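Top to bottom, those sequences are chains A and B.
Residues 1 to 435 in the working numbering are what the first sequence lists, from first letter to last.
Residues 1001 to 1435 in the working numbering are what the second sequence lists, from first letter to last.
The beta carbon of each residue, even a glycine, is placed where N, CA and C say it ideally should be.
All values derive from a computational prediction rather than experimental measurement.
Number of protein chains: 2
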Amino acid sequence: MKKSPDIEKIRSQAGQGQFSQIAEELSRVAAEDRAKLLAALPESQAAPVFRFLDPAYQEEVLHGLSQPQVLRLVEALNPDDRARLLEQMPAALARNLLTGLSPAERRMTTELLGYPPQSAGRYMTPEFLVLTPDLPVAEAWEKIRSQGKRAETIYVLPVISGDARYIGIIHLRELVMADPEQKVHEFLDDTLPPILATEDREIAARSIQRTAALAAPVVDAQGRLLGLVTVDDAMDILDREGEEDLARAGGGAEPLNRPYFSVSVLRLARTRFVWLLTLAIAAVLTVNVLKVFEATLEAMVTLALFIPLLIDTGGNSGAQSATVLVRAMSVGEVEAGDFLQILLREAAVGLLLGSMLALMSFVPVWLFAGHKIALVVALTLVCICGWASAVGAAVPLAAWRLGIDPAVASAPFITTLIDATGLIFYFLIARAVLF
Amino acid sequence: MKKSPDIEKIRSQAGQGQFSQIAEELSRVAAEDRAKLLAALPESQAAPVFRFLDPAYQEEVLHGLSQPQVLRLVEALNPDDRARLLEQMPAALARNLLTGLSPAERRMTTELLGYPPQSAGRYMTPEFLVLTPDLPVAEAWEKIRSQGKRAETIYVLPVISGDARYIGIIHLRELVMADPEQKVHEFLDDTLPPILATEDREIAARSIQRTAALAAPVVDAQGRLLGLVTVDDAMDILDREGEEDLARAGGGAEPLNRPYFSVSVLRLARTRFVWLLTLAIAAVLTVNVLKVFEATLEAMVTLALFIPLLIDTGGNSGAQSATVLVRAMSVGEVEAGDFLQILLREAAVGLLLGSMLALMSFVPVWLFAGHKIALVVALTLVCICGWASAVGAAVPLAAWRLGIDPAVASAPFITTLIDATGLIFYFLIARAVLF
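Structural data, given as structure tokens:
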């Protein structure tokens, strides 16, 4: 038998900080009273009580509370408790929490709801119009006319089953041409893959790009529809991703994400400093490699003249491989499983490029510094380009396998890595040929 | 008085290659006969005759011919004659020429029609539904239902005036909510800027992105509507532009524009070779600079140890500036007129970054190579970063002013430039401090 609620007793317990006891108490009262009792407590006490509630009750309680009350309680949870709650929370509740918010509030709330940064969940709108398969077209039109104002788009209308699972979309265009007596399911487009809310935003954006749809459906782990990512957001996402890749490829600055002139000189310097320092520290490797070969260098100072040329060429060759592969990975053209094949291809490309450069450089270097140095430079070019292309491909692939964004391992980072290792080739070849 | 046509005479003249005489002849016959006479000639003879016709007559004749006949005649013109013809051609004719073609054929035809590569004209669809301002909503719906199948989009409906000039768009969404008796112009959205067909594709794409519209109207120089660039094309355009910028920033490879594994090793090497060679030739500068300072280097081989570190840091700093500015320019945040302001800002950022690196490097270099070398390296870092940032900003800005795509002058090119000049700073400072 369920006990009747005793607000006074609970208030006094809360005053003494007996939050877990209250949670126990609440699990024994009638379901409809739980939310009321919790709402009767001041926020600072309701939150810790909520935290001690069993997840099954947590969800139930949320249904009985207003949107701001729910958000405050969810906010008070630890991230992992929040994630567990969210997994159980019905899609309808999650959607209710997000409806009616400004884009900025929505971004904050999705963060609170535990969708990872840059996930599809962060970019979805909960303001869409949903249809059911057996709805006649005439009724669908009525719904669109009466409720369409509140939806972010009416051009893509998701269709859900009785248990809120996503089954496909209707393009408004089809309804325009349809007979009023036809049923919605006759126009169902089930070719759009639903996107998990926790998946990366780029997956949603690329899906929209690939299918030329005007929105992508976002679902939870049970396949229940949570929201739509619309094409205008998809454009911004791809643009932002492109900007990030570019910023990292070009000397590794952080993307500004805002207009150039709105950023102060100090802030500009800050976005660049960490990368510049990291790369400079990586470049200390080159100092140490050269130190090892200082005696060789001392014996033949002419070797120093070609250092920048050789490391630049190796660096560029590696950067080319890295850039092509980072792009291919972000578009989904290659997978980490293709590792070996890619490595061999890139090494072959590099050896080919190096051989061509070696052939073209031999005579000029001979005239400039003698045939022995020319031979050293030519052999180094072949080795350095082959090596650089393989490294340029391997590093982003490895980063990807380790779950690091491959773009982080892009051009300048690889260039610096290759500089140091390239110098080793150079001096080993020089020692073998010259001495 | 107009002469009556004489097909036999014209045929015999054409057989003798008297094309300019036939053109003269045609200008004297009645307007409605010109196209007929021209169509009566075999293509190989009609084309040269057409070329000699006055542009005013050319346009007239085109109206009387079928689409394939027109395309063959237009193809036979010189590019400049073609451009002149196109300027005079009414929008309706241009649109007719493009309607009903596959995307690939359309791309070819727009090329033929003289729209520059990567212009908005190359990406527009002529298959849209056009409305007029005074049309009642009910009639608009009728038009959409009966003709909507052939249009590429019905979500954006351009509105034109009596003389075919673009005046705004209607969002289908507004019509869905509208009263059937209302007039189309009550829902007119005239905030979308029309895009000139000859303008860069990125301008159309960015306009769509900025306005979150589903299409951008494309017009000719007289403001007459030619087509729409739709949001799915806009996405592809921005993605492609991003890929190009990225490819150039990362060692300057040409963008593949196709899946990685579909490109052979030989072809991969070819897309990269020209850039690699160009950059290697540019790097010959560094060899020459070092040659000038060979004596200094010989006297103090330790100086060589820091060459890669210094040129890498300078290169990265310059690449950061270049990348940020290329992006800001392509998004339209900065203009060539801001030249001086940008230069000063970037130099300030560079000097700041260089000073921080100098401070951090001083003690380690001192311990490694003595205080004199430490001083030289520190001073060089300040100079090289300030200089590199300014050059990194100046080169793309200058390229832009000269009408060259600023992305061409991106990271690797600037890095190589800075390598050579940075070495000059290094050795001049070294001479001053050490000897």
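Given a length threshold of 3 residues, each whole run of the beta strand (DSSP E) inside the segment 1179–1225 of chain B is given here in chain order: 1215–1219. Contact with chain A is absent for D1220/B, since none of that chain's Cβ atoms lies less than 7 Å from the residue's Cβ. At a cut-off of 7 Å between beta-carbon atoms, M1300/B makes no contact with chain A. Residue-level contact check: M235/A touches chain B, since one or more beta carbons of chain B fall below 7 Å from its beta carbon. The continuous alpha helix (DSSP H) containing V365/A extends over residues F339 to A369.
When the five nearest sequence neighbours on each side are left out, the beta carbons in the same chain lying within less than 6 Å of the beta carbon of V382/A are those of G354, S355 and A358, in order along the chain. When only Cα atoms are considered, T313/A and I1281/B end up about 10 Å apart. The beta carbon of T1286/B falls within 7 Å of a beta carbon belonging to chain A, placing the residue at that interface. Relative to the Cα of V377/A, the nearest Cα in the group Y426/A, M329/A and I203/A belongs to Y426/A. Proximity to T191/A across P136/A, A213/A and V284/A peaks at A213/A, based on C-alpha coordinates.
Here F50/A carries a helix assignment [DSSP, helix/strand/coil]. Taking a contact to require three or more Cβ pairs closer than 8 Å, the segment 1149–1158 of chain B and the segment 1166–1181 of chain B qualify as touching. Contact between L131/A and A140/A holds, since their C-beta atoms are separated by about 6 Å, short of 8 Å. P1158/B: member of the beta strand (DSSP E) spanning V1156 to I1160, first to last residue. Taking the Cα positions, R270/A is about 14 Å away from S1389/B. Q1222/B counts as exposed, since fewer than 16 other beta carbons sit within 10 angstroms of its beta carbon.
In the displayed model, S1321/B falls within a helix according to three-state DSSP. Within the model, the alpha-carbon separation for D1200/B versus G1064/B is close to 32 Å. For the options P1194/B, E1333/B and A1249/B, the alpha carbon positioned closest to that of V263/A is the one of E1333/B. The beta carbon of T1110/B lies closer than 6 Å to those of G1121 and R1122 in the same chain, with the five residues before and after it left out. Annotation: the segment 1242–1328 of chain B contains the following complete segments of the alpha helix (DSSP H) (minimum length 4 residues), in chain order: 1265–1292, 1294–1299 and 1302–1305. The beta carbon of F1273/B falls within 7 Å of a beta carbon belonging to chain A, placing the residue at that interface. Within a 10 Å sphere around the beta-carbon of V391/A sit 16 or more other beta-carbons, which makes this residue buried.
Per DSSP, the beta bridge partners of Y166/A are I160/A. If only uninterrupted alpha helix (DSSP H) runs of at least 4 residues are considered, those enclosed by the segment 64–149 of chain A are 67–76, 79–88, 91–98, 103–112, 120–123 and 137–147. Chain B places a beta carbon closer than 7 Å to that of E333/A, counting this residue as a contact. Look at V1377/B here: in three-state DSSP terms it is helix. The segment 287–300 of chain A makes no contact with the segment 1315–1324 of chain B, as fewer than three CB pairs between them are under 8 Å. Residues of chain A whose Cβ lies closer than 8 Å to the Cβ of V1156/B do not exist, since the nearest Cβ in that chain is about 10 Å away. Three or more Cβ pairs closer than 8 Å define a contact, and the segment 182–190 of chain A falls short of that threshold against the segment 56–75 of chain A. For V1433/B, the enclosing alpha helix (DSSP H) starts and ends at A1411 to L1434. Within the segment 50–75 of chain A, no residue has its Cβ closer than 7 Å to any Cβ of chain B. Put simply, of L375/A, A31/A, R165/A and A394/A the residue whose alpha carbon is nearest the alpha carbon of V219/A is R165/A. The beta-carbon separation of A1197/B and I1208/B, rounded to 16 Å, does not stay under the 8 Å limit for a contact. When secondary structure is reduced to three states using DSSP, L37/A falls in the helix class. Counting along the chain, V1029/B sits inside no alpha helix (DSSP H), nor does DSSP assign it H or E at all.
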